[in-house]
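Residue numbers (the working numbering), protein chains in the order written: chain A, 285 to 627; chain B, 22 to 510. Data block below; observations after.
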């Protein structure tokens, strides 16, 4: 949170915008008494009960952010330059952990697994969620019931979903292959064949697509009906209306879910860990195809006690996510429509 | 997500109160403007204060296994699942009582993350029960205390315990854990299936020393319906029993001093080629494991009652499970044999250790001595035998790691049940204990274990050949050992 400082000079406004230019012109006219007055107002605001209450309510978040997010982040940045096993004192090793990252074949393997999983999961989950949201839009009165029904799986603990994966996708007696068998398809070994583990986990992840459905449903409800009516008068097909009216109108929601789902997929952990690495038995039968980046990070930190190295892994993942998000933001700009945009 | 600005409800400004309408205190003194504001803001401040007060409780949501009360003694990694556990815990409780200790059992399997977090935070349990194969790794990192003083003070003679179990928990000459179980491997067979195939259910017919014959029998016993595997012929139980096959072939995964990995030695590679070949011959790992995962292992519809597996090596506890759930099965048992025909017994189990930072190390020593004592084991076995027999199930003995206790349990607590198959299996389990071997303790602990297990999995999933997988595992394991050994003498 940024609190205006009494000594802060007004920021220069971009040239060419009439009102801002006026404000800019007025800025030099501000006198010392103005600044003093603002400072006094700011100080006085602290005596107001609304300000105190506001900060009181904000304090859990501020405390949580500083203690549970910012603090640990700074600590891991420091630890990433040390050799630390959680028991002995950390020892400075410079960039050694980062150098080792490039030599560790499991890093490349787990990063590739994570990227493939993300590339499969994000578009599939967005498409599935959009399809479900559009169906929900058509069920009329029962929307509320189905909306709750679709959202319920989100409440299922991820650990349970990991176990569910093993049960549903068992190649011999699993429900998926049994159903496939009814239509004459000999289903693959989802839980043991390296080529099928990631697609299986992606399909399992659709179980919790409900939150994205809710976002799309809200966005779809906000699309002005007159646009569809105008399109109908123009004689466009349903598909054309979807492409040229619906998608642009909900592009903001699509972009938001693209970013959020991408970050979540890059950080995927629980389901794969539960199914393949979580117990002594699962570890015995672990499969490299399910070794996602965060799983590898977790193993290094809490199974092998390489906390310094794991911190370096965490920071690299942070940077990878940052770069991917920035790229998405950069390339998505031209496709996003926000109400009130001049474009 | 923030609500759109247009949709936020505007707050109506609070009504001003003039001097006359200001509330009065009981004393009759009017409250000033400041106290009036406080009154109005009180719910908000109280809510914020409550939230702040709750934060430390909710934010630090980790499980604390230690107990700051000086009179509480805590454990980790131990469950009270049966009479064997509850009876011994009762004894330990009594042993600690004169010292003013209240025993608190944090039930559940050993969790590495929980343990490490607790040690790192200086908040460990007083005593911990973990897989003995992990003890070397934790000892090398200084997370466990050597039991040298404890053994001396409590007059514990290591000669009273299974040598291989003690060796598994010994690093650089210091013992870090005392055995709490001793799991042997035995060959289990579905006698009815073997009979149908024209064989006897003996280790002469299912001869693990003759690999050619084993391959042939494997194909005879396996069953397939269409494209679906419906019965395993012979299950070599890899990756978990891979050290046993390496040993049976005259190899070893690591040097006796626990410093040099030998994962890609020719005999180890050959063992992986043979065992993975047995699985490949049954349609590959996918089908094989899918069928194995579908077994109702602990239920009445287990793989023996449903004839889903011909023969396989298994831990001793499964004989007890079968004796409990399905004593009517036609069970065959025998020894796993090396290439020369000599019995091989790969043993494992858990052990009690004292974490660094334990608040009550002396009491921990008393606890460990009591839990692993002959008296406690025999008493517990008697309680368990009574319980099992009361359910009309077959009691198949207990295997403790304590030599004297095992002798007494075998000769006095266990009695032939009349079920020849189970009685034979029990006798064999007692006889095979002397042949027990374990992977020597090493400083890399779970990293070493994971290296050879991953190699097996890469071969089973078709990703690599046995040679490639074990070459990679050798590099990984040796690197982990070298790093872990840096601080050792």
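Cβ atoms here follow ideal geometry from the backbone N, Cα and C, with glycine treated the same way.
{"Check": "In three-state terms, what does DSSP make of residue 259 of chain B?", "Outcome": "coil"}
{"Check": "Need the endpoints of the alpha helix (DSSP H) that residue 500 of chain A sits in, please.", "Outcome": "494 to 505"}
{"Check": "In whole angstroms, what is the alpha-carbon distance linking residue 53 of chain B and residue 499 of chain A?", "Outcome": "Confidence at residue 53 of chain B is low in this model, with a pLDDT of 37, below 50, so the placement of that residue is unreliable and no value is reported for it."}
{"Check": "Between the stretch 387 to 420 of chain A and chain B, which residues of the former have CB atoms less than 7 Å from a CB of the latter, in chain order?", "Outcome": "none"}
{"Check": "Provide the residue(s) that pair with residue 336 of chain B in DSSP beta bridges, ordered along the chain.", "Outcome": "B:206"}
{"Check": "Can you list, in chain order, the residues of its chain with a C-beta nearer than 7 Å to that of residue 397 of chain A? Leave out the 5 residues immediately preceding and following it.", "Outcome": "482, 573, 575, 576"}
{"Check": "From residue 142 of chain B to residue 500 of chain B, what does the alpha carbon distance come to, in whole angstroms?", "Outcome": "28 Å"}
{"Check": "Can you confirm whether residue 454 of chain A, when its beta carbon is compared against all beta carbons of chain B, has any partner nearer than 8 Å?", "Outcome": "yes"}
{"Check": "For residue 146 of chain B, does the three-state DSSP call read helix, strand or coil?", "Outcome": "coil"}
{"Check": "Quick check on residue 466 of chain A - is its C-beta less than 8 Å from some C-beta in chain B?", "Outcome": "no"}
{"Check": "When you compare each of A:364, A:564, A:536, A:363 to residue 620 of chain A by their alpha carbons, which one comes out closest?", "Outcome": "A:536"}
{"Check": "Considering only the beta carbon of each residue, do residue 224 of chain B and residue 240 of chain B sit closer than 8 Å?", "Outcome": "no"}
{"Check": "Looking only at its own chain, which residues have a Cβ that is under 7 Å from the Cβ of residue 177 of chain B, when we skip the five neighbours before and after it?", "Outcome": "390"}
{"Check": "Tell me the residue span of the alpha helix (DSSP H) that contains residue 246 of chain B.", "Outcome": "It is not in any alpha helix (DSSP H) - residue 246 of chain B instead sits in the beta strand (DSSP E) that spans 244 to 246."}
{"Check": "Could you work out which residues of chain A lie near residue 162 of chain B, taking near to mean beta carbons separated by less than 8 Å?", "Outcome": "369, 371, 372, 589"}
{"Check": "Output yes or no for whether 8 Å exceeds the beta carbon distance between residue 474 of chain B and residue 264 of chain B.", "Outcome": "no"}
{"Check": "Start and end of the beta strand (DSSP E) containing residue 366 of chain B?", "Outcome": "364 to 367"}
{"Check": "Output needed for residue 128 of chain B: all residues of its chain with C-beta closer than 8 Å, excluding positions within five of it in sequence on either side, in chain order.", "Outcome": "99, 100, 101"}
{"Check": "When you compare only the Cα positions, how much space is there between residue 368 of chain A and residue 191 of chain B?", "Outcome": "24 Å"}
{"Check": "If you count every other CB in all the chains shown that lies within 10 Å of the CB of residue 433 of chain B, and 16 or more means buried, which is it?", "Outcome": "exposed"}
{"Check": "Within this structure, are the beta carbons of residue 105 of chain B and residue 317 of chain B separated by less than 8 Å?", "Outcome": "no"}
{"Check": "Identify the residues that DSSP records as bridge partners of residue 330 of chain B: which are they?", "Outcome": "B:253"}
{"Check": "Below 7 Å on C-beta distance, what does residue 586 of chain A contact in chain C?", "Outcome": "In summary, chain C is missing from the structure at hand, where the protein chains are A and B."}
{"Check": "Under 8 Å by Cβ, that's how I've got residue 596 of chain A and residue 382 of chain A pegged, so tell me the actual separation to the nearest angstrom.", "Outcome": "5 Å"}
{"Check": "With distances taken Cα to Cα, identify the nearest neighbour of residue 422 of chain B among B:414, B:431, B:380, B:322.", "Outcome": "B:431"}
{"Check": "Spell out the partners DSSP gives residue 374 of chain B in its beta bridges.", "Outcome": "B:149"}
{"Check": "Output the residue ranges of the alpha helix (DSSP H) runs that lie fully inside the stretch 116 to 197 of chain B and measure 4 residues or longer, sorted by chain position.", "Outcome": "133 to 141, 153 to 161, 169 to 174, 184 to 189"}
{"Check": "Who are the neighbours of residue 276 of chain B on chain A, taking C-beta pairs under 9 Å?", "Outcome": "The premise fails here: residue 276 of chain B is roughly 21 Å from chain A at the closest Cβ pair, so nothing lies under 9 Å."}
{"Check": "By how many angstroms is the C-alpha of residue 552 of chain A removed from the C-alpha of residue 222 of chain B?", "Outcome": "48 Å"}
{"Check": "Which whole-angstrom value describes the C-beta separation of residue 198 of chain B and residue 467 of chain B, a residue pair presumed to lie in contact below a C-beta threshold of 8 Å?", "Outcome": "Not really, about 15 Å apart at Cβ, beyond 8 Å."}
{"Check": "Report yes or no: is there a C-beta of chain A within less than 8 Å of the C-beta of residue 334 of chain B?", "Outcome": "no"}
{"Check": "Assign residue 320 of chain A to one of two classes, buried (16 or more other C-beta atoms within 10 Å of its C-beta) or exposed (fewer than that).", "Outcome": "exposed"}
{"Check": "Any idea if residue 389 of chain A is buried or exposed, counting beta-carbon neighbours within 10 angstroms, 16 or more meaning buried?", "Outcome": "exposed"}
{"Check": "List the endpoints of the continuous alpha helix (DSSP H) containing residue 391 of chain B.", "Outcome": "382 to 392"}
{"Check": "Apart from the five residues on each side of it in sequence, which residues of its chain come closer than 6 Å, Cβ to Cβ, to residue 271 of chain B?", "Outcome": "288"}
{"Check": "Taking only beta-carbon positions, decide if residue 261 of chain B is within less than 8 Å of chain A.", "Outcome": "yes"}
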